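Numbering (the numbering used here), first residue to last: 83 to 535.
Structure (structure tokens):
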């Protein structure tokens with residue numbers, strides 16, 4: 083009968099081991115899902131950043147292309163604009179020439195009409211003069227007639243000289259007009275030549291600037307494309323490396339999960355074999371221990387709340403001048419090891435066995451001390467387990483090929499105190515762990531059971 087009770091106690095350990103392994107599997111699954119979500123989030127953020135960068139680069143490239151198209155359009159329209167400018171200048175020059183020709187024709191016509199009128203008037207004067215001469219000659223003698231004839235010859239000679247002088251004067255006027263016209267044409271041509279030279283210089287400067295700008299844009303575009311290709315290759319390589327590393331990590335986690343699943347399945351098979359060996363006493367102790375652990379958690383939570391409220395009240399009172407400021411106190415478990423005034427120090431005091439007499443009523447113990455008492459009882463109950471139970475525990479750590487499963491030492495330290503310690507094949511390590519577990523339990527005073535837990 084005692085052996086059966088011990089076997090059932092070992093079954094409780096196995097049940098705890100099953101719960102622990104199930105919790106480990108759940109934790110691994112959650113970690114795997116978390117790692118997977120983080121990888122997906124990282125890849126999504128990197129993809130979004132690359133898309134934004136690509137969009138910016140494409141917009142810059144579109145601006146450069148637009149400027150290049152404008153330059154090409156200007157190149158195409160340059161010859162047409164020059165042709166139009168030449169046509170406008172030729173039209174202006176032809177208009178000026180037509181205007182000059184028209185003015186010259188009008189002047190020539192005016193001069194011819196003036197000469198015709200002068201000739202007509204001269205003819206009439208000559209006719210009148212000849213009539214007067216004829217009448218005068220009839221009344222003159224021979225000497226006077228000779229003198230008159232000489233006068234007439236002199237007048238004719240003078241008239242000829244005067245006509246020649248008028249012709250020379252007209253030729254001079256024509257030459258002066260021709261010189262003025264030529265000088266005006268010369269000035270106009272010089273002005274047009276200067277304008278042409280300035281325009282050609284401006285166009286050459288503009289062409290030079292546009293060529294430099296085109297060359298700069300082509301250089302920047304080539305450099306931008308090269309940088310973009312290099313950056314794209316680097317990003318693809320980094321993404322591939324991260325993908326491969328995440329894939330290997332996922333494979334490793336899957337292998338660990340499979341090993342844990344195999345271990346859990348074997349523990350479940352073992353638990354099914356020994357599940358009927360539990361006793362009511364062991365179940366009672368397990369329930370009592372769970373109850374104590376819940377009470378410890380509740381009491382610690384309530385104590386932290388009360389201490390925090392009291393600390394806040396003292397701070398408010400000190401702020402209103404109703405007392406001194408209290409010492410800074412830590413309520414965060416993260417900085418517990420670095421604080422000299424932490425609320426967790428008070429919680430640790432509840433586990434110490436100080437200021438207790440040789441005989442203590444169990445009702446006077448704290449919940450932490452009650453937990454230590456229960457654990458000490460479980461250790462003493464489990465130190466003399468049967469060899470059959472130890473052998474079954476050892477078999478749970480072996481797979482089908484008699485290879486030990488890689489159990490994390492951190493998980494081994496988290497085993498429940500009611501578990502079997504080790505097998506007969508590892509007796510030396512079993513004794514060391516058993517002694518270490520017993521040494522962790524403080525020496526308890528004699529406890530009376532006058533009050534219920």
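Note that CB positions come from ideal geometry on N, CA and C, so glycine has one too. All of these numbers come straight from a predicted model, not from anything done at the bench.
Residue pairing by DSSP puts residue 412 in a beta bridge opposite 424.
Taking 7 Å as the cut-off, the beta carbon of residue 114 is found closer than this to the beta carbon of residue 335. The Cβ-Cβ distance between residue 100 and residue 455 does not fall below 7 Å. Taking a 10 Å sphere around the C-beta of residue 449, we find 16 or more other C-beta atoms and assign the residue as buried. Taking residue 337 as reference, the option from 143, 98, 301, 110 with the minimal CA-CA separation is 110.
If you keep only unbroken beta strand (DSSP E) runs of at least 3 residues inside the region 320-388, you get nothing at all.
CA-to-CA, the gap between residue 181 and residue 187 works out to about 10 Å. Closest in alpha carbon position to residue 347, among 93, 104, 310, is 104. One alpha carbon belongs to residue 179, the other to residue 228, and they sit about 58 Å apart. Rounded to whole angstroms, residue 264 and residue 185 show a C-alpha spacing of 14 Å. Under the three-state reduction of DSSP, residue 205 is assigned to helix. Measuring C-alpha to C-alpha distances from residue 136 to each of 447, 399, 317, 453 identifies 317 as the nearest.
Take the alpha-carbon of residue 177 and the one of residue 242: they are about 42 Å apart. Rounded to whole angstroms, the separation of the alpha carbons of residue 106 and residue 353 is 17 Å. The Cβ-Cβ distance between residue 424 and residue 433 does not fall below 7 Å. Excluding its 5 nearest sequence neighbours in each direction, residue 296 has C-beta neighbours in its own chain below 8 Å: 150, 153, listed in chain order. Annotated as distal: residue 453 and residue 94, with beta-carbon spacing of 7 Å or more. Within its own chain, the residues whose Cβ lies closer than 6 Å to the Cβ of residue 328, once the five positions on either side in sequence are excluded, are 121, listed in chain order. Annotated three-state conformation of residue 433 is coil, per DSSP.
Take residue 339, set aside five residues on each side of it, and the residues of its chain with a beta-carbon closer than 8 Å to its own are 107, 110, 111, 114, in chain order. Rounded to the nearest whole angstrom, the C-alpha separation of residue 457 and residue 387 is 28 Å.
Between residue 393 and residue 400, the beta carbon gap of about 11 Å keeps them out of contact (Cβ cut-off 8 Å). Between the alpha carbons of residue 465 and residue 409 lies a distance of about 47 Å. Between the C-alpha atoms of residue 427 and residue 376 there is a straight-line separation of about 20 Å. Here residue 251 carries a helix assignment [DSSP, helix/strand/coil]. Contact annotation: residue 310 and residue 118 have beta-carbon atoms that are not nearer than 7 Å. Secondary structure of residue 406 (DSSP, three-state): coil. Just so you know, the alpha carbons of residue 212 and residue 202 end up roughly 15 Å apart. For residue 447, the three-state secondary structure derived from DSSP is coil.
By the neighbour-count criterion, in which 16 or more other beta carbons inside 10 Å mark a residue as buried, residue 374 falls on the buried side. Residue environment analysis places residue 345 among the buried positions, since at least 16 neighbouring C-beta atoms fall within 10 angstroms of its C-beta. When the beta-carbon positions are compared, residue 303 and residue 146 come within less than 7 Å of each other. The alpha-carbon of residue 430 is positioned some 15 Å away from that of residue 384.
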